[in-house]
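Colleague:
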Amino acid sequence: MEEYISLFENVIEKTIPKVDYIDIRAGKGNTTSILMKDGEIDEINTGMSVSARIRVLNNGAWGFAYTTDISKFDEITETALKLSNSLKGDVELAESEIIKDKVATDVRIPFGDISVEEKQAIMKEASESATLEEVNSTTVGYGDIESKEVFLNSEGSQIEINTSRVRMALNATATDGQIIQFGHGSMGGVKGFEVIADRDIEEFGRKIGEKATRLLKAESAPSGKFKIIADPELTGVMVHEALGHATEADLILQNDSILKDKLNTKIASDIVNIFDDATIKDGFGYYPYDVEGIKTKANQLVKDGKLVSLLSSRETASKLNMKSSGNARSIISDAPIVRMSNTYMQPGDMSFEELIEDIPDGIYLKGSRGGQVDTGKGIFQFNAAEGFRIENGELSTPLRDVSLSGNILETLNNVDALGNDFKLSVGFCGKDGQTAPVGDGGPHTRIIDAMVGGSN
């Protein structure tokens with residue numbers, strides 16, 4: 001994108017006398033996406049895209065315009081000016097550092113060095129490995145992107161970022177003729193193709209197929225209050241959905257968060273420490289600067305059970321009299337909103353055996369099949385991918401259709417032990433019609449008096 005920087009600098013120079021603030025983002029990306037169903041290629045898309053946007057702030061109101069034709073950048077600048085001049089608002093921006101930097105993600109194997117046929121062969125291996133006796137269908141999705149992006153603003157920041165990101169996901173469906181069950185798994189990272197090449201693909205596929213077939217023989221979960229263990233994946237989903245969204249400053253400003261006015265108050269048990277950290281290079285939510293040019297850092301949200309910070313953009317941080325946390329995110333064509341990155345519970349010091357050894361009657365919940373949260377009311381409901389009874393300190397009967405529900409603050413206060421393991425999952429988060437890559441996770445987590453539901 002270096003060839004466009006002088007154009008953007010000129011636009012800022014001639015436009016800044018008319019407005020209070022300007023920022024520009026532009027990027028170009030090479031993408032490949034492949035969909036395979038039951039071992040056969042269903043769809044392949046490859047392509048290159050170029051896009052640019054400008055935001056201008058004037059009279060407390062944003063003007064935003066976007067194009068996929070950079071020769072029309074002067075036109076979209078005029079559009080953004082007209083929009084901001086037609087409105088009056090209360091937008092102010094929290095102060096930020098002036099940054100000049102060039103960053104590239106670590107890549108050992110560029111995606112371009114691997115042919116589409118080689119990528120298909122790995123997908124086929126995953127599909128075949130999952131196709132066990134009772135597995136009747138598989139779907140494998142693969143996607144990679146190499147992007148070059150530049151950010152400039154009228155305060156003097158200029159940041160160039162080269163990013164590579166890849167993900168492969170596999171779904172397996174199993175049936176015994178009466179019921180249908182599913183296995184799911186994914187891998188990915190903000191790196192090169194080594195993320196896929198370094199994994200044992202046969203083991204990855206087989207474990208997903210085994211999960212689907214194991215669930216055919218599982219029993220429906222009991223309903224009631226139990227002491228539970230959530231695995232790292234479900235711990236991550238709980239932290240992301242139940243706490244993470246509630247710490248987003250835009251939701252707090254909209255009176256749609258149970259954590260409004262809870263800063264510096266106790267919201268969880270003493271052992272709970274929760275972070276959102278975009279700087280973790282092994283996390284799928286990694287980014288070095290947010291889309292407003294704010295350098296990212298490890299944001300500790302909960303410290304020893306106390307809510308100590310929130311996630312914010314420059315606009316929302318200004319309204320809350322704080323500094324931006326570096327969590328403004330969006331693709332170039334969308335307006336930035338507050339988003340999580342890599343959100344996780346800090347591990348404790350107990351082994352899995354120690355976590356379950358004194359549970360006479362409990363439930364171990366593994367994986368996630370989605371769920372929902374009402375951040376305003378502070379309630380949630382998640383579905384685990386599978387479960388197991390815990391009887392007298394040992395895992396016993398496999399369970400299916402297990403849900404976990406409750407009050408966010410009550411559940412966080414009921415966390416009574418944490419494992420010494422740690423895992424970040426690979427996923428995407430939807431908010432306001434936008435999608436962002438994220439990581440979430442933590443250790444095995446023990447929760448007392450958790451409301452578990454099952455279906456017959």
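Using UniProt numbering, read the sequence shown as starting at 1 and increasing by one per residue. Using N, Cα and C, we set each Cβ at its ideal position, and we do this for glycine too. Keep in mind that this is a model prediction, so the values were computed, not measured.
(1) Excluding five sequence neighbours on each side, which residues of the same chain lie with their C-beta closer than 7 Å to the C-beta of GLU194?
(2) In this structure, does DSSP put ILE271 in helix, strand or coil?
(3) Measure the CB-CB distance between LEU399 and ALA172 and report whether it falls below 8 Å.
(4) Measuring CA to CA, which of ALA126, MET48, PHE428, ILE337 is closest to GLU203?
(5) By alpha-carbon positions, which one of LYS217, LYS37, ASN264, PRO288 ends up nearest to ALA104?
(6) Looking at the secondary structure, which residues open and close the beta strand (DSSP E) in which TYR344 lies?
(7) Let me know if ASN383 comes out buried or exposed under the rule of 16 or more other beta-carbons within 10 Å of its beta-carbon.
(8) What do you get for PRO17, buried or exposed, if any count of 16 or more other CB atoms within 10 angstroms of its CB means buried?
(9) Can you tell me which residues form a DSSP beta bridge with LEU170?
(10) Count the other CB atoms, across all protein chains shown, that sit within 10 Å of the CB of ASP176; report buried if there are 16 or more and exposed otherwise.
(11) Check whether the Cβ atoms of ALA169 and GLU134 lie closer than 8 Å to each other.
(12) Curious, which full-length beta strand (DSSP E) runs of at least 3 residues does the segment 262-346 contain?
(13) Spatial neighbours of SER49 within its chain, please: CB distance less than 8 Å, with the 5 preceding and 5 following residues excluded, ordered by chain position.
(14) So who's on the other strand from ASN153, going by DSSP bridges?
(15) Please report the straight-line C-alpha distance between GLY442 and GLU78, rounded to a whole angstrom.
(16) Is it right to say GLN178 is buried, meaning 16 or more other beta carbons lie within 10 angstroms of its own, or is it exposed?
(17) Going by DSSP, which residues form a beta bridge with VAL107?
(18) Who does ALA52 pair with in a DSSP beta bridge?
(19) Touch check for the segment 228-236 and the segment 146-157: three-plus C-beta pairs under 8 Å?
(20) Under a Cβ-count criterion, where at least 16 other Cβ atoms within 10 Å of its own Cβ denotes burial, should ASP200 be classed as buried or exposed?
(21) Which runs of the beta strand (DSSP E), 3 residues or longer, sit entirely within the segment 75-120?
(22) Return helix, strand or coil for GLU125, following the three-state DSSP convention.
Modeller: Walking through what the data contain:
(1) The sequence position of residue 194 within the sequence shown is 194, counting from 1. Counting only Cβ-Cβ distances below 7 Å, and skipping sequence neighbours, we find ARG108, ILE109.
(2) If you number the sequence shown from 1, residue 271 lands on position 271. In this structure, ILE271 counts as coil in the three-state DSSP scheme.
(3) Taking the first residue of the sequence shown as position 1, residue 399 is located at position 399. Taking the first residue of the sequence shown as position 1, residue 172 is located at position 172. Contact flag unset, no.
(4) In the sequence shown, residue 203 corresponds to position 203, counting from 1. Comparing Cα-Cα distances from GLU203 to each of ALA126, MET48, PHE428, ILE337, the minimum goes to ALA126.
(5) Here residue 104 refers to the residue found at position 104 when the sequence shown is read from its first residue. Ranking the options by Cα distance to ALA104, first place goes to PRO288.
(6) As a working note, residue 344 is residue 344 in the sequence shown. Here the beta strand (DSSP E) through TYR344 covers 342-345.
(7) Here residue 383 refers to the residue found at position 383 when the sequence shown is read from its first residue. ASN383 should be labelled buried.
(8) Position 17 of the sequence shown, counted from the first residue, corresponds to residue 17. Burial call: exposed.
(9) As a first step, residue 170 must be located in the sequence shown, where it is residue number 170. In the DSSP output, where bridge partners are listed per residue, LEU170 has VAL140, GLY185.
(10) For the purposes of this step, residue 176 is taken as residue 176 along the sequence shown, with counting starting at 1. So ASP176 ends up on the exposed side.
(11) Here residue 169 corresponds to residue number 169 of the sequence shown, with the count starting at 1. Here residue 134 corresponds to residue number 134 of the sequence shown, with the count starting at 1. Their beta carbons are not under 8 Å apart, which means ALA169 does not touch GLU134 by this criterion.
(12) 274-277, 298-303, 342-345
(13) By one-based count along the sequence shown, residue 49 stands at place 49. Closer than 8 Å at the Cβ level, and outside the excluded window around SER49, lie LYS28, GLY29, THR31, THR68.
(14) Your numbering for residue 153 matches position 153 in the sequence shown. ASP23, per the DSSP bridge assignment.
(15) Residue mapping note: residue 442 aligns to position 442 of the sequence shown, counting from 1. Residue mapping note: residue 78 aligns to position 78 of the sequence shown, counting from 1. Taking the straight line from one Cα to the other gives about 47 Å.
(16) Residue numbering aside, residue 178 sits at position 178 when the sequence shown is read from its first letter. GLN178 should be labelled exposed.
(17) Residue mapping note: residue 107 aligns to position 107 of the sequence shown, counting from 1. Partner(s): none; VAL107 has no beta bridge.
(18) In the sequence shown, residue 52 corresponds to position 52, counting from 1. DSSP, once it has assigned bridges, lists ALA26, THR67 as partnering ALA52.
(19) no
(20) Numbered from 1 along the sequence shown, position 200 holds the residue referred to as residue 200. It counts as exposed.
(21) 100-104
(22) In the sequence shown, counting from the first residue as 1, residue 125 sits at position 125. Here GLU125 sits in helix by DSSP.
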